Every structure is written in C-alpha cells, then in structure tokens.
Amino acid sequence: MSLLLRSDTMSDLFFSYIRDELFTNVGQKFETETVKHEGYRFDYPLRWLRDPSVTKAIGFRRMKFISEAIHGFPFTVGFEVRYYNKEKHTYEKFEQGKLLQVSLLVNLETTLQAFQEKINDIYIEYANQYNIDEGEYHLDIIYDRKNATVKINKIEDLGENVYISTKYNNLAWYRFMRMLNQPAAYPVHPDFYEVENPNGTYENVFDSDAIIVHASFSGAQNSFLCLANDFYEKPTKLYEPPSGSISDFQVWFTTDGRKRIVPLYHAFYLELSFIYNYYRTVKI
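Heads up: the sequence shown begins at 1 in full-length UniProt numbering, then just goes up one per residue.
This is the structure we're talking about:
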C-alpha cells in the first residue's frame, strides 16, 4: 500500500489530503449479544469507498470513552447494631445510615479499594464504640483486571447476643452495578434498603484503563488497534483502506486480546482519518 509524500498542511507527515471521520455508539442501537460476538459494525463512508486514488490509507487518530456517570455517586448503607448497654444492663439495638461517596474520577481499582476500606472502617468504628467482640464483620472486594471480574464477599458472621449488620440502599446498589457494567433495572423503591446479599462474582466489568481496542482493518496481531483513550495528533498509524466488496468494519474491546467486553454505560468515539493522493508514494 502506498501514500503520497507531499503536503501543504502537514509538513511532518507529508500527506496531501486527509478526511477525518468519527465513529460512535451514541445514538445508535446495537444488540448486546450481537456486539459480544461480532463487535460494533460500522459502514465506511461512501466517499472513502468511491475515492479513485491508488495511494490511500486509514489513519488512527483517537479513541475516547466517556462514562454516563462522570464524577461519581452517593452510596448509602444502613447499619443495624445490637450491643450491650452496661448502664441499663440490657441489650439494645439501633439503626443508622452512613453516606459514602463513590468517586469515578480515579481508576476502578482505586474506587473499589476505597469503598471497601470505608465500609470496613465503619465496622471497626462500631465494634470499638459498642464493645462488640462477637462475630466477624468485613467486606472483601477482589478486582481481576485481566479477566474483567469483580468478586464481592460481605462477611457478617453475627454474634449470638451482639452484632453489626448492613443493608445497601436500592438506588445506590443500582448505580454500583452500573459502575461494574452489569445489566441493572432502575429500582421500584429507590429509597428502600433491601440489598442484604451483594456477594457474587460480577463479569464483563468495563474498565477503560484496562481496555484494548481491536479493529477488523488492523493487520496487527489479534487485530490490535490501540489502548483506550489513545490519541495521535497526526495519524502516523496507517492501515489498509477498504477495497473490493468490503464496505464495513468491526470494532471490539477486550482486556486480554481474547475475552470481549461490551460497555453498557459508556459512550465511545473512534476518530479515523482517510488519507489519499494520486502521485508519489510511501510504503505503509
């Protein structure tokens, strides 16, 4: 594949003509199961397909992911504590809500670790304040970037006489599930505290910091195109243009080159350039 060397506008790359095009999932309907197996399918622009130039190429410019929840969200946990009142010589119980802030301004691993630490700090606070020495109370969150999974294990081995138990707010849990890229319906009673058992292994976790982007037009191993949020001011990564009967291309995302991840709550923007000319050439 060849490309012209002369340019009036890009002296470093010597390309004569460049047309940029944006490909996005915004405003389009994609079936999740289809995307999971086939990727996102986009048609090449007609002007790319009809261009008569012999010397032409596709250039990569940028890949950008934007979460629907840009900054973060509040997470409310309802704590129930049963303790022994030494002054009254009796067991008493109270309920109290704790408001945490889940930040999305840092990477997912940091967010999950901070959430785990906040919950565990509250367990310790109540245990120390009310002399609760029966039972076991802690939250464990294990994030596996390569396999795109998050394992949650809330342990509340309640004591016989005293204990600490929790329930998560329905709306908060809905937002948490969306953060983990899980299918989630808006709760019927968003203000209720009904999530008692969050334990499980959640798959298809989308973390833009761990994402590898693939494209069918890339000749690299596993059709590698770029990493999430890569940007090239000038399109120096060049690929074969569409030819023959090929009129579309596919884009998909993985964490290890093989396991495909479908972002349910992220918009993505792939910017490509069509570079073409009619005369002198350079090898791609």
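The beta carbon of each residue, even a glycine, is placed where N, CA and C say it ideally should be. What you are looking at is a predicted structure, and each value in this text was computed from that prediction instead of being measured.
Item                                                                                                               : Value
Beta-carbon separation (whole angstroms), Ala-184 vs Ile-261, contact threshold 8 Å                                : No, Ala-184 and Ile-261 are not in contact; Cβ-Cβ is about 17 Å, not under 8 Å.
The alpha helix (DSSP H) enclosing Leu-108, as first and last residue numbers                                      : 108-129
Within the UniProt domain "DUF7777" (70-203), ranges of the alpha helix (DSSP H) (whole runs, at least 4 residues) : 108-129 and 170-179
Limits of the alpha helix (DSSP H) - the one that Leu-46 falls within                                              : 46-50
Boundaries (first-last residue) of the alpha helix (DSSP H) holding Glu-33                                         : 32-38
Gly-97 versus Pro-74, Lys-64 and Tyr-83, residue with shortest Cα-Cα distance                                      : Pro-74
For Asn-170 and Phe-217, the rounded distance between their alpha carbons                                          : 44 Å
Cβ-based burial, His-37 [other Cβ within 10 Å; buried from 16]                                                     : exposed
Reference Glu-95; option with closest CA among Lys-88, Ile-58, Tyr-83 and Tyr-40                                   : Tyr-83
Per DSSP, the bridge partner or partners of Lys-56                                                                 : Tyr-276
Alpha carbon of Phe-231 to alpha carbon of Asp-207, nearest angstrom                                               : 18 Å
Sequence-distant residues of its chain with Cβ nearer than 6 Å to Ile-211 (five each side left out)                : Ala-228 and Phe-253
Inter-residue spacing [alpha-carbon to alpha-carbon] between Tyr-44 and Pro-187                                    : 40 Å
Inter-residue spacing [alpha-carbon to alpha-carbon] between Gly-159 and Tyr-130                                   : 13 Å
Counted within 10 angstroms of its Cβ, other Cβ atoms place Phe-192 as buried (16 or more) or exposed              : exposed
Asp-248 - containing beta strand (DSSP E), residue span                                                            : 248-254
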